[in-house]
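My numbering applies: residue 30 is where the sequence shown begins, and numbers increase by one.
Cβ atoms here follow ideal geometry from the backbone N, Cα and C, with glycine treated the same way.
A quick write-up on the structure given underneath.
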Amino acid sequence: MTKRGLQASTEGIAKANQALIRNSLNKTALARDLGLSRATVTNFFRIIPIERLNFEEICKRLGLNWQEIVDIPVCKSQTEEHQNSTSKNSDFVGREDAIADLDELVNKGAKVILIHSEGGIGKTTLATKWFELQGLEYLDLRVGTTPQNLNSLEDWVSVTLRYHFKENPEQDFMTLMEQFKSKLQEHRIGVLIHHLEFALINGEFIKSHNSNYIELLTVL
Numbered sequence: 030m031t032k033r034g035l036q037a038s039t040e041g042i043a044k045a046n047q048a049l050i051r052n053s054l055n056k057t058a059l060a061r062d063l064g065l066s067r068a069t070v071t072n073f074f075r076i077i078p079i080e081r082l083n084f085e086e087i088c089k090r091l092g093l094n095w096q097e098i099v100d101i102p103v104c105k106s107q108t109e110e111h112q113n114s115t116s117k118n119s120d121f122v123g124r125e126d127a128i129a130d131l132d133e134l135v136n137k138g139a140k141v142i143l144i145h146s147e148g149g150i151g152k153t154t155l156a157t158k159w160f161e162l163q164g165l166e167y168l169d170l171r172v173g174t175t176p177q178n179l180n181s182l183e184d185w186v187s188v189t190l191r192y193h194f195k196e197n198p199e200q201d202f203m204t205l206m207e208q209f210k211s212k213l214q215e216h217r218i219g220v221l222i223h224h225l226e227f228a229l230i231n232g233e234f235i236k237s238h239n240s241n242y243i244e245l246l247t248v249l
């Protein structure tokens, strides 16, 4: 699969920009020093996913620990969501039937549920509200922004295992997924997948990501 899965956090980019100045570098000089394209370095600073090795090399050249710069998958708990639930309740009026539909699907044994509608309808709001009502933690998996700019599923699973579950991720993908499956079975936790449609062409997964996403859905 393509290794385009690592991007910096907002805080990480602030540190990177400071390091750029501290090292008397600009983006062109940084790219030249590392033998990378200017576009790769620009994407790094624009918080666009780039290949893992390039991400690590940029951080190393700037004197930064890449693990402190990378954007770590967010796991939101019921407690965290509840802090803002009162103020957001007005945004959820009229969605009780949709919540009931999700409850029914889960009660029937559904493990993977597709919420499909036009953009801006509130799919993410519905999903996060359901997790909150169930008292479930959930992991955010953002597939990408376009079919040409997909995040690395393997990197996401590795980072999730390392930072959320405090486990050293396996190197082999299938072994990695078994490790991830084991952790999901040990914890009552959900996975919210954003924009899965960008990994599909005519209803089928893009070839380079095919087996990886099928394996993920099997694990879930």
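Assigned secondary structure, residue i (DSSP; H/G/I helix, E/B strand, else coil)
i	result
V141	coil
L35	strand
L131	helix
L49	helix
E40	helix
I235	coil
I101	coil
L54	coil
I243	helix
I76	coil
L93	coil
T249	Checking the displayed sequence, the identity of residue 249 turns out to be Leu instead of Thr. If DSSP states are grouped into helix, strand and coil, L249 belongs with coil.
L65	coil
S119	Low per-residue confidence applies at S119: pLDDT is 45, beneath 50, and the placement is therefore not dependable, though the value from the model is reported in the following sentence. Residue state, collapsed to three classes: helix.
L165	coil
Nearest-angstrom Cα separation, counted from residue j out to residue i
i	j	result
I235	E183	15 Å
E97	T174	24 Å
I76	L35	9 Å
L82	L54	20 Å
Q47	T204	38 Å
R217	V135	14 Å
D201	L245	14 Å
L93	D100	14 Å
A129	K89	50 Å
L91	V188	21 Å
I42	W95	11 Å
A139	N197	30 Å
N118	E166	Confidence at N118 is low in this model, with a pLDDT of 49, below 50, so its placement is unreliable and the value that follows should be read with caution. About 19 Å.
Own chain partners of residue i with C-beta closer than 6 Å, once the 5 adjacent residues on each side are dropped
i	result
F73	I79 and I87
F194	K212
8 Å contact criterion, which residue i and residue j should meet: CB distance rounded
i	j	result
S66	A60	6 Å
L170	W159	In fact, because the Cβ distance is near 16 Å, the residues do not count as touching under 8 Å.
L155	I142	No, L155 and I142 are not in contact; Cβ-Cβ is about 11 Å, not under 8 Å.
7 Å CB neighbourhood of residue i in its chain, flanking five on each side removed
i	result
V172	L179, N180, I222, H223, H224, L225, F227 and A228
F209	V186, L190 and V248
T71	K56
I144	K152, L155 and A156
Same chain, Cβ closer than 8 Å to residue i, five either side skipped, listed in chain order
i	result
A45	A37, F73, F74, I87, C88, L91, L93 and I98
Item to complete: With a floor of 3 residues, list each beta strand (DSSP E) that falls wholly inside the stretch 169–224, ordered by position along the chain.
Response: If we require 3 residues or more, the beta strand (DSSP E) runs fully inside the stretch 169–224 come out as 173–175 and 218–223.
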